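Novice:
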Amino acid sequence: MEFRVLGSMTVTEGGRSEEVTGRLRRVLLGVLLARANRPVRAALLAGALWGEAPEPGAGRKLHLHIHRLRGMLDEPGRLSSVEAGYRLRVATGETDADRFEALVEEARRLEPKRAIEPLRAALALWRGEPFAGIEVPELADWSLRLAERRLVALEALYEAELACGLHEAVIGELSRLAGEHALRERFHGLLMTALSRAGRRAEALDVYRAAREKLVTELGVEPGAELRELHRRVLEGDLGPAVAGGAVPAQLPADVPWFVGRAAELAELGSSPEGGVAPVLAVVGTAGAGKTALAVRWAHAVRDRFPDGELYVDLRGFGPGEPVSPADALAGFLRALGVERAAIPDELAERAALFRSLADKRRMLVLLDNAHGSGQVRPLLPAGAATRTLITSRDSLGGLVAREGAHRIGLDRLPVPDARRLLRVLLGNRADAEPGAVRTLVGLCARLPSALRVAAELIHGRSTRGVGDLVDELAKGNVLDLLDAHGDQDTAFRTVFSWSYRRLDPVAARVFRLLGRYREADEYEVAATAGMSVSAAGRVLTVLVRAHLVDQTPNGGYRLHELLRAYAAELGEADLDAEASGSLRAFDLVAP
């Protein structure tokens with residue numbers, strides 16, 4: 004059985020919690036818990052229930068309430084009668100107050116970085132004021148003692164976090180506590196320490212002046228020796244570094260040497276359409292379009308604007324394994340910002356809050372690469388206006404645009420001139436010698452930078468053969484087999500496309516496979532082929548467009564680029580049923 008008194012009173016038995024209702028029952032159980040395992044005189048209980056002058060028949064009524072309380076506890080021997088009173092049996096650890104004290108005592112014996120976790124666990128037990136809603140003199144002393152122990156635990160927690168370099172993270176909460184407990188010098192001292200170590204010495208001195216004025220005005224006393232000594236140290240500037248652990252992360256991947264084009268997109272990353280700079284930027288597009296390359300190129304170009312460093316994580320939203328969890332990504336960021344591993348909270352919400360606190364007022368660049376969707380990145384967004392977050396994803400990130408106001412940039416495949424220029428950068432004179440073959444290769448590679456790089460690697464690996472030779476092979480053979488970069492699964496297009504395809508629901512996957520037989524189709528043709536209504540076909544096509552698996556053409560049609568069409572057709576050949584085959588033959592839209 005568990006008794007919870009650090010807030011509204013509840014009793015838990017067998018995993019089922021029941022709030023104690025009725026004023027008399029709450030008072031009776033509260034007084035018995037405050038004196039657990041000791042005899043409590045019936046006269047004291049009656050006084051708590053009905054005041055100093057109990058009404059006639061109070062003894063009989065008390066016995067009735069004891070009987071009802073025994074029924075609620077439903078455990079023989081839990082509430083027993085003793086001479087002139089009653090005793091409630093409570094084992095060690097059965098009250099949240101008992102567990103709170105045990106955790107605080109455990110933390111007291113540990114070094115700061117190991118003390119943080121038990122202190123947080125202890126304070127998490129508090130749901131409000133002790134014995135909330137019960138105001139009787141018989142509980143006043145214990146309630147005040149518990150409330151004081153909570154404040155002492157808070158002081159110990161923030162002292163431990165300051166020792167671990169988390170000064171920026173605690174400023175907000177310490178400011179609140181110092182305001183709520185204006186005569187408690189310890190909170191003011193901790194706040195002064197945090198502000199001074201965060202490089203905000205003037206604010207730390209203001210805290211001292213305000214605390215001193217409050218003490219002199221209300222109590223007629225000067226601050227104590229500890230706070231005065233802290234004031235002297237702030238004035239002399241000897242309270243430690245301004246940044247946690249001196250950590251200035253520089254995590255950007257290396258810039259790519261073969262980057263071409265994208266001038267419009269680079270300019271758009273620098274400013275939103277309204278002329279201001281968006282705090283959250285998102286580059287979205289199909290697999291292989293060069294989203295990461297664009298993001299890294301821009302990040303390197305502007306990194307000098309962010310003196311507090313750059314954070315980077317590959318979220319693996321589309322890849323061979325499971326996506327990186329937001330909690331794991333935050334753990335990496337917090338360690339990069341100087342947080343000791345033992346000081347990182349267990350809960351996702353607490354990690355996100357700590358990250359926002361550390362990032363606040365810093366000028367940092369955060370690059371969240373290869374995101375699975377809005378839900379994965381939302382906890383990773385810093386709140387400070389000085390920090391920029393750049394996200395790349397195959398997903399359209401519509402939720403992030405709608406809720407967080409992210410500025411989305413759709414990255415199309417390379418324009419033909421830029422695609423040819425990329426091949427010239429990659430192949431040099433061999434591209435100049437065969438301009439016609441280069442034009443054809445650009446089309447066969449769907450103007451995707453990553454496909455063009457794989458093709459260039461294949462040409463470099465065959466010193467006696469030119470661009471035209473590869474074009475002939477691609478035109479005659481299976482383009483997906485040839486563009487596999489020597490078996491590297493991270494660049495093999497069949498595998499790369501599968502990472503998007505496997506996210507589709509069965510209906511969308513089937514429509515995608517059917518589209519592999521079309522050069523272009525509208526929603527009416529898709530509806531007829533798939534055996535669904537036109538409105539349903541429109542909804543499925545919208546899903547595929549948002550997943551950047553299908554392009555919508557200016558005339559309202561839908562089409563796959565060359566490589567995706569080859570992939571979809573390959574999938575479709577394995578399971579195309581007779582009805583779909585018959586429908587497809589009815590339309591003269593089969594790719595030549």
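According to my numbering, the sequence shown is numbered sequentially starting from 4. By construction, the Cβ of each residue, glycine as well, lies at the ideal position given by its N, Cα and C atoms. All of these numbers come straight from a predicted model, not from anything done at the bench.
Give me, in chain order, the residues of the same chain whose beta-carbon lies closer than 7 Å to that of Pro329; leave out the 5 immediate sequence neighbours on both sides.
Specialist: Excluding residues up to 5 positions away in sequence, Leu351, Gln379, Pro382, Leu383 lie with their Cβ nearer than 7 Å to the Cβ of Pro329 in the same chain.
Novice: Out of curiosity, what's the CA-to-CA distance linking Leu566 and Arg505?
Specialist: 17 Å
Novice: Using a 10 Å radius around the Cβ and a threshold of 16 neighbouring Cβ atoms, would you call Asp99 buried or exposed?
Specialist: Asp99 comes out buried.
Novice: Ignoring anything shorter than 3 residues or poking outside the stretch 363-444, list the beta strand (DSSP E) runs there in chain order.
Specialist: Runs of beta strand (DSSP E) with 3 or more residues, each lying fully within the stretch 363-444, are found at 368-374, 391-396, 410-414, listed in chain order.
Novice: Where does Ser453 fall in DSSP's three states?
Specialist: DSSP places Ser453 in helix when its eight states are reduced to three.
Novice: Could you say if the stretch 468-477 and the stretch 442-455 meet the contact criterion of at least three C-beta pairs nearer than 8 Å?
Specialist: At 8 Å Cβ cutoff, the stretches touch.
Novice: Rounded to whole angstroms, what is the Cα-Cα separation between Arg306 and Ala201?
Specialist: 22 Å
Novice: Identify, in the order they occur along the chain, each residue of the same chain with its Cβ nearer than 8 Å to the Cβ of Leu218, setting aside the five sequence neighbours on each side.
Specialist: Once the five neighbours on either side are set aside, the close Cβ partners of Leu218 are Leu186, Glu188, Val224, Glu225, Pro226.
Novice: Locate the alpha helix (DSSP H) running through Tyr3, then write down its first and last residues.
Specialist: In the structure displayed, the chain extends from 4 to 595; residue 3 sits before or after that span and is not available.
Novice: What is the DSSP secondary structure of Leu314, reduced to helix, strand or coil?
Specialist: DSSP places Leu314 in strand when its eight states are reduced to three.
Novice: Between the Cα of Ala267 and the Cα atoms of Asp363, Val286, Pro260, which residue gives the shortest distance?
Specialist: Taking Ala267 as reference, the option from Asp363, Val286, Pro260 with the minimal CA-CA separation is Val286.
Novice: For His70, does the count of other Cβ atoms within 10 angstroms reach 16, so buried, or fall short, so exposed?
Specialist: Exposed, because fewer than 16 other Cβ atoms sit within 10 Å of the Cβ of His70.
Novice: Rounding to the nearest angstrom, what Cα-Cα distance links Tyr570 and Leu563 in this structure?
Specialist: 10 Å
Novice: Would you tell me roughly how many angstroms separate the C-alpha atoms of Pro244 and Leu177, rounded to the nearest one?
Specialist: Its pLDDT being 47, under 50, Pro244 is placed unreliably by the model, and nothing is read from it.
Novice: Count the other CB atoms, across all protein chains shown, that sit within 10 Å of the CB of Thr556; report buried if there are 16 or more and exposed otherwise.
Specialist: So Thr556 counts as exposed.
Novice: Are there 16 or more other CB atoms within 10 angstroms of the CB of Gly278, so buried, or fewer, so exposed?
Specialist: Caution applies to Gly278, whose pLDDT of 46 falls short of 50 and renders its modelled position unreliable; the model cannot decide the point.
Novice: Judging by CA-CA distance, which residue of Val283, Leu76, Ala37, Phe358 is the nearest neighbour of Arg406?
Specialist: Answer by Cα proximity: Val283.
Novice: Quick check: what's the CA-CA separation for Pro348 versus Arg354?
Specialist: 6 Å
Novice: Specify, as a first and last residue, the run of the alpha helix (DSSP H) that Glu158 falls within.
Specialist: 140-166
Novice: Classify Val85: buried if its beta carbon has 16 or more other beta carbons within 10 angstroms, exposed otherwise.
Specialist: exposed
Novice: Starting from the C-beta of Ser20, find all residues in its chain whose C-beta is less than 6 Å away, skip the five residues before and the five after it, and write them out in chain order.
Specialist: In the same chain as Ser20, and ignoring 5 residues on each side of it, the C-beta atoms closer than 6 Å to its own belong to Thr13, in chain order.
Novice: Tell me whether Asp258 sits in a helix, a strand or coil according to DSSP, three-state version.
Specialist: coil
Novice: Can you tell which of Leu208, Arg391, Thr395, Val428 has its C-alpha closest to the C-alpha of Glu239?
Specialist: Nearest to Glu239 by alpha-carbon distance, out of Leu208, Arg391, Thr395, Val428, is Leu208.
Novice: Under 8 Å, do Pro385 and Glu313 count as touching if we go by C-beta distance?
Specialist: Contact: no.
Novice: Classify His463: buried if its beta carbon has 16 or more other beta carbons within 10 angstroms, exposed otherwise.
Specialist: exposed
Novice: Going by Cα to Cα distance, which pick from Phe103, Leu165, Lys116 is closest to Gly152?
Specialist: Contrary to the premise, residue 152 reads as Arg rather than Gly in this sequence. Selected option, being the one with the closest Cα: Phe103.
Novice: So, are the CB atoms of Gly10 and Gly96 less than 8 Å apart?
Specialist: no
Novice: Below 8 Å on the Cβ atoms is my contact criterion, and I expect Val43 with Gly74 to pass it. Report the Cβ-Cβ distance as a whole number of Å.
Specialist: So it is not a contact: roughly 19 Å between Cβ atoms.
Novice: Starting from Val107, follow the alpha helix (DSSP H) in both directions and report where the run begins and ends.
Specialist: 99-111
Novice: Specify the secondary structure class of Ala245 as computed by DSSP and reduced to three states.
Specialist: With a pLDDT of 39 at Ala245, under the threshold of 50, the modelled position of that residue is not reliable, and the figure given next carries that caveat. Coil, per DSSP.
Novice: Under 8 Å between the Cβ atoms of Asp398 and Gly288?
Specialist: no
Novice: So within the stretch 29-96, which uninterrupted alpha helix (DSSP H) runs reach at least 4 residues, ignoring any that extend past its ends?
Specialist: Every unbroken stretch of the alpha helix (DSSP H) spanning 4 or more residues and falling wholly within the stretch 29-96 is given here in chain order: 45-53, 61-76.
Novice: Residues in its own chain within less than 6 Å of Pro276 by CB, not counting five upstream and five downstream?
Specialist: Confidence is the limiting factor: at Pro276 the pLDDT is only 46, short of 50, which leaves the residue's position unreliable and the question unanswerable from this model.
Novice: With a threshold of 8 Å on Cβ separation, who are the neighbours of Arg300 within its own chain once the five nearest residues in sequence on each side are excluded?
Specialist: Asp258, Val259, Phe262, Arg265, Leu269
Novice: What three-state label does DSSP hand Ser178 in the structure shown?
Specialist: helix
Novice: Please name the residue in Arg90, Leu126, Lys116, Ala94 whose C-alpha comes closest to that of Leu630.
Specialist: This structure cannot settle anything about residue 630, because the visible part of the chain is limited to 4 through 595.
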